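Position 146 of the sequence shown, counting from 1, maps to 157 under the working numbering, and the rest follow consecutively. Yeah, the Cβ is synthetic: ideal placement off N, Cα and C, and Gly gets one too. Because the structure is a prediction, the values reported are computed rather than measured. Here the structure comes first, spelled out in structure tokens, and everything after it is commentary.
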Amino acid sequence: VKLIGHSEGTTIALSGLVQHPELWNGAQRPADLPAVEVAALLAPTIYMTSVSNFAWRALASLQVGETMHALGIYGFNPNSKLLQQFIPQFCELVSIVDCEYPICLVFGCQSDNLPAGREELIYSHFPAGSSTQDLIHWEQSMRTDNAFNFFDFGSTKLNQQHYGQDAPPAYDLGSLSDMLRLGVWHGGLDPVSDAADVETLVGDLIEAGAVRSVTDVHYFENYGHGDFVWASDGWHTGYVQSLVNFIAES
Numbered sequence: 012v013k014l015i016g017h018s019e020g021t022t023i024a025l026s027g028l029v030q031h032p033e034l035w036n037g038a039q040r041p042a043d044l045p046a047v048e049v050a051a052l053l054a055p056t057i058y059m060t061s062v063s064n065f066a067w068r069a070l071a072s073l074q075v076g077e078t079m080h081a082l083g084i085y086g087f088n089p090n091s092k093l094l095q096q097f098i099p100q101f102c103e104l105v106s107i108v109d110c111e112y113p114i115c116l117v118f119g120c121q122s123d124n125l126p127a128g129r130e131e132l133i134y135s136h137f138p139a140g141s142s143t144q145d146l147i148h149w150e151q152s153m154r155t156d157n158a159f160n161f162f163d164f165g166s167t168k169l170n171q172q173h174y175g176q177d178a179p180p181a182y183d184l185g186s187l188s189d190m191l192r193l194g195v196w197h198g199g200l201d202p203v204s205d206a207a208d209v210e211t212l213v214g215d216l217i218e219a220g221a222v223r224s225v226t227d228v229h230y231f232e233n234y235g236h237g238d239f240v241w242a243s244d245g246w247h248t249g250y251v252q253s254l255v256n257f258i259a260e261s
């Protein structure tokens, strides 16, 4: 199995691989379960200490997720049909505002990377919805110094119930075996998956010494958070080819 995750998908992938070694470890894997051999992490959001975007920092400092949960709002969908219809129309109405700007404001991108005429399709999928608990977890990551921790339930009593300790434990990156190859792709215009956080993650993975190594680390100076999904110049920059090569070499 070749695993490719983007943004939150990288968090899900790495946490799953740590918690379920049977996904990649032959000694623990059922005979009928194919092994995960490689994992490609695109714009990883494992560490979020250096997130620079104002909107994301505001979420963390104002504890928006906690407020939503207290109000009984347990999920959110920024891609409602109303928003999908409104943004492209607004872009046409106010010609001084580029249509890609709402996305660039939050996720960082270059207009040249967005496929022309595909704005409405992009808005229909990105950014994606999630649970309020996920939002709270992201906020916790931004308030924590380079730590990949389990969810903090907000009280020692609840943490004790779930983890048997007062504070949430960290995911053990050192538990990943040398049977697993990891690759990382990140961009210089990404205010969510900041280059400093990604470099720290790569260093921690290598220092943990368990991964056969992070064999591929690719940095694209003019890529933002979403460009690894929609960039129209993926072949010209070498991004797509580097990903294809990584998967093919496994």
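Find the nearest neighbour of residue 88 within the set 127, 68, 139, 44, judged by alpha-carbon distance. 139
Leaving out the 5 sequence neighbours to the left and right, which residues in its chain are closer than 8 Å to residue 150 when beta-carbon positions are compared? 70, 71, 74, 75, 76, 77
On the premise that residue 208 lies in contact with residue 61, defined as a C-beta separation below 8 Å, what is that separation, rounded to the nearest angstrom? 5 Å
Considering residue 68, what are the terminal residues of the alpha helix (DSSP H) in which it resides? 65 to 73
What is the rounded straight-line gap between the Cα of residue 242 and the Cα of residue 195? 17 Å
Can you tell me whether residue 23 is buried or exposed, with buried defined as 16 or more other CB within 10 angstroms of its CB? exposed
Roughly how many angstroms separate the alpha carbons of residue 200 and residue 42, rounded to a whole number? 43 Å
Quick check: the Cα distance between residue 107 and residue 181, rounded to an integer number of angstroms? Low local confidence applies: a pLDDT of 45 at residue 107 is under 50, so the model's placement there is unreliable, with the coordinate-based value given in what follows. Rounded to the nearest angstrom, the two C-alpha atoms are 46 Å apart.
So what's residue 87 in DSSP terms, helix, strand or just coil? strand
Do you know offhand how far residue 174's Cα is from residue 198's? 35 Å
Please state if the CB of residue 54 and the CB of residue 13 are separated by a distance shorter than 9 Å. no
Hey, out of 202, 157, 211, whose CA is closest to residue 11's CA? There is no way to answer for residue 11, as the model of the chain reaches only from 12 to 261.
N- and C-terminal bounds of the beta strand (DSSP E) containing residue 51: 49 to 53
Of the listed residues 33, 85, 213, 230, nearest to residue 142 (C-alpha basis): 85
Backbone secondary structure at residue 253 - three-state DSSP: helix
Going by Cα to Cα distance, which pick from 28, 227, 172 is closest to residue 253? 227
From residue 45 to residue 190, what distance separates their C-alpha atoms? 14 Å
With residue 67 and residue 153 assumed to form a contact (beta carbons below 8 Å), what rounded beta-carbon distance in angstroms separates them? 7 Å
Residue 231 - DSSP class collapsed to helix/strand/coil: strand
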